[in-house]
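Comments concern the structure below.
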Amino acid sequence: MKTKFKLLLTCSVAGLLLAGCGDSKKSNKGALSTNAAEKVYVAPGEYDEYYGFFSGGFSGQLSVYGLPSGRLFKVIPVFSQDPEKAYGYSEETKPMLMTSHGFIPWDDSHHPDISQTKGEVDGRWIFINGNNTPRIARIDLEDFSTAEILEIPNSAGNHSSSYVTENTEYVVAGTRFSVPIPQRDMSIKDYKGNFKGALSFISVDQESGEMDLSFQILMPGFNYDLSHPGRGKSHGWFFFTTYNTEEAHSLLEVNASQNDKDFIAAVNWKKAEEYIKAGKGKKMPAKYAHNKFDNSTHMATHTMKDEVLVLDATELPGLVYLLPTPKSPHGCDVDPSGEYIVGNGKLSANLTVHSFTKMLDAIENKKFDGDAYGLPILKFDDVLAGVVEQPGLGPLHTEFDGKGNAYTTFFISSEVVKWKLGTWEIVDRKPTYYSVGHLMIPGGNSAKPDGKYMVAMNKITKDRYLPVGPDLNHSAQLYDITGDKMELILDFPTIGEPHYAAAIKADKIMHKSRQIYKLDENKHPYVTKNPSEAKVVRKGNEVHINMTMIRSHFTPDNIEGVKVGDKVFFHVTNLEQDFDVPHGLAMLGANTTELLVTPGKTETFVWEPKQVGVWPFYCTDFCSALHQEMQGYIRVSPA
Ligand code: CUK
Ligand code: CUA
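Under mature numbering (1 follows the signal peptide of the UniProt record, and there is no 0), the letters of the sequence shown match residues -19 to -1, 1 to 620, in that order.
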């Protein structure tokens, strides 16, 4: 085995050397635009042209940047707790992070995707996957906050997610690891033929955005890596790259990567819908969490589900076809027309492009190359649209500019290569600093990409920024792609590891900054709408403080009657009328968090006093000239 990893390692070192690692000034030559500063300068007070949403990788969050400036606006907490926003700490948001394995306040997020209408990004919602404890989150772009988290059962390593179909009919999840389905105690050595993959189709309510796990398709025990929806002519299909088609239980190279070709699995989800309608779905026990945030009560609810509808691909003809694709394909990218399906073989010297039209012809003429896995395998030459010859080393991901060009990242040779769809000729290549993973063009996963900018997201940063210890910042690089040649115009550091990103024209969503939570519509069970209604209520050893905040005081601000051993709930309502005046609340000795409450909202945290005394609390957000006066005391008496 070791050969594969050794090869990757040496090549990547060579790639770094080729790219001129260690001397960033020299290495920029030929890539950096001569008028880069002008192109990325957004004057003070001016707005950026695009919102860019970058996955937080192992931070579990989603960060919001302006493009082209590369300025960081916000980190939206999704799968991980965030004390800044009390997410996952406040009583209201804790249920968001519940799973069938209990409270999991962390995940590894890779791929954000913006909702679409008629193949265009529409800015209603953005979805992102949790890779580790398989989940998909929906972020509402009304208030840039996490509205829903759905756990994915029968899945492990939700990597090929969360891409949406062209009208957001579905958001789709895959499974990196095949596992026993249903989960049970069995020998790992019995993997082959017994472990299965599940591909999940999650419907999205077009009004509320609410997700629902419609059905899962049971597949052979491969690893399902990435996916992309069909669009235009291929709308109704979904494509997944696979590796380990050897079905090895240990991925030392001696076991996996033996097959010269793995597959892209082409899934006909319209056919799946027909089978479901015809009653071919089987109900199967499965435990998974479905958590939602309700904007009227300002509370999240956590519900456990116990069943899922399953279609077995090997039993239902016409549901799934396998397209041979060389050398452990990683990225799976469908062009804006829906005709070309690009499979990037990590260990391949060439790029393979499949033709959707040829695939349909081959299916119609039943030109199959056997069915080794109980699924029809198409012949490589029958579905091949073309090959990009020797474009670089270690291809990972491809995006499109909507003008007939494709852009592919090469991890090992550390570059982005621009090539033409249809002629497969290479027209430009530019180095990245260093070892690029994904790249992103706004609207990249849609029928209408916006071919102005391309962002390369790099895995190995080396010398780009002032060093801050050995865990260097990961880096994103912005290229102007309006001309024939790509031009590097900006570097900016990212939060966590930015696997993938999604971007949208700012004017499609920025009108949304306004009063979102209205006090008169607040249905939180502990809302206090007027300081005169503020009160302290004891229920056994629980003390509930219904508190208001408005510039520049809390009501009540002097609280007595609390004892050591009590559980004190602060239910705080922000009464401000201006939409942009949050107040904070922090309590000495509270080990939960602070709260940052936006106008019209109610939030809650718990304090369990351990020591007798008189303890202060204060507002954490500088809210007015009298911010420092916004404070109070709680007297704690012996139990
Ligand atoms: S990715 Cu997840 S390992 Cu190529 Cu989409 Cu970075
Ligand atoms: Cu309220 Cu500072």
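Glycine included, each C-beta is placed from N, C-alpha and C at the ideal position.
- Excluding five sequence positions before and after tyrosine 614, the CB atoms of its chain that fall closer than 8 Å to its own CB belong to Asp538, Asn539, Ile540, Val595, Trp596, Pro597 and Phe598, given in chain order.
- DSSP places lysine 339 within a helical segment (H, G or I) once states are collapsed to three.
- Taken through DSSP and simplified to helix, strand or coil, isoleucine 85 comes out as coil.
- Between serine 336 and valine 368, the beta carbon gap of about 12 Å keeps them out of contact (Cβ cut-off 8 Å).
- Here lysine 440 carries a coil assignment [DSSP, helix/strand/coil].
- If you draw a straight line from the Cα of methionine 530 to the Cα of asparagine 555, it is about 5 Å long.
- For lysine 348, there is no enclosing beta strand (DSSP E), since its DSSP letter is neither H nor E.
- Within the same chain, Cβ atoms closer than 7 Å to the Cβ of phenylalanine 176 are found at Ser159, Val160, Pro161 and Gly202, the five residues on either side in sequence being excluded.
- Taking 6 Å as the cut-off, the C-beta of glycine 418 counts as close to a heavy atom of ligand 1.
- In the DSSP assignment, phenylalanine 361 falls within the unbroken alpha helix (DSSP H) covering 361 to 364.
- With respect to tyrosine 151, phenylalanine 182 sits close: the two C-beta atoms are nearer than 7 Å.
- Assignment of valine 593 by DSSP, reduced to helix, strand and coil, places it in the coil class.
- Around leucine 576, the same chain offers Ala67, Ser71, Val553, Gly565, Leu566, Glu584 and Phe586 as residues with beta carbons nearer than 7 Å, after the five sequence neighbours per side are excluded.
- Sequence-distant partners of arginine 119 (beyond 5 residues in either direction) whose C-beta falls short of 7 Å from its own C-beta, in its chain, are Trp106, Phe108, Ala128, Glu129, Gly190 and Met192.
- By the beta-carbon neighbour count (other beta carbons within 10 angstroms, threshold 16), proline 307 is buried.
- DSSP places tryptophan 400 within a strand segment (E or B) once states are collapsed to three.
- Within the stretch 466 to 508, the runs of beta strand (DSSP E) that reach at least 3 residues and sit entirely inside it are, in chain order, 468 to 474 and 482 to 486.
- Counting along the chain, glutamate 101 sits inside the beta strand (DSSP E) bounded by residues 101 to 111.
- Runs of the beta strand (DSSP E) spanning 3 or more residues and lying entirely within the stretch 254 to 342 occur at 263 to 275, 280 to 293, 301 to 307, 310 to 315, 321 to 326 and 332 to 336, in chain order.
- Relative to the Cα of histidine 480, the nearest Cα in the group Met421, Phe220, Lys347 and Val398 belongs to Met421.
- Here the alpha carbon of glutamate 228 sits roughly 14 Å from the alpha carbon of glycine 355.
- Valine 152: member of the beta strand (DSSP E) spanning 151 to 154, first to last residue.
- The distance from the Cβ of alanine 17 to that of leucine 359 is about 46 Å, inconsistent with a contact at the 8 Å cut-off.
- Membership of alanine 12 in any beta strand (DSSP E) is not indicated, and neither H nor E is assigned to it by DSSP.
- The way I'd put it, the stretch 440 to 459 doesn't touch the stretch 399 to 406; fewer than three beta-carbon pairs between them come closer than 8 Å.
- Of the heavy atoms belonging to ligand 1, at least one sits nearer than 6 Å to the Cβ of leucine 377.
- Nearest C-alpha to glycine 425 among Val449, Pro317, Val289 and Ser195: Pro317.
- Around the beta carbon of methionine 285, fewer than 16 other beta carbons sit within 10 angstroms, so the residue counts as exposed.
- Of the residues Ala387, Phe560, Cys600 and Glu557, the one whose Cα lies closest to the Cα of threonine 574 is Cys600.
- Here the distance from the Cβ of methionine 611 to the nearest heavy atom of ligand 2 is below 6 Å.
- For leucine 48, the enclosing beta strand (DSSP E) covers residues 43 to 48.
- The C-beta distance from alanine 483 to phenylalanine 34 rounds to 5 Å, short enough to fall under 8 Å.
- Around the beta carbon of aspartate 94, a 10 Å sphere encloses 16 or more other beta carbons of the protein chains shown; the residue is thus reported as buried.
- Here glutamate 468 has Ser14, Tyr460 and Asp461 as same chain residues with Cβ atoms under 7 Å from its own Cβ, once five neighbours each way along the sequence are excluded.
- Between leucine 290 and glycine 324, the C-beta spacing is not below 7 Å.
- Annotation for arginine 616: the continuous beta strand (DSSP E) segment containing it runs 612 to 618.
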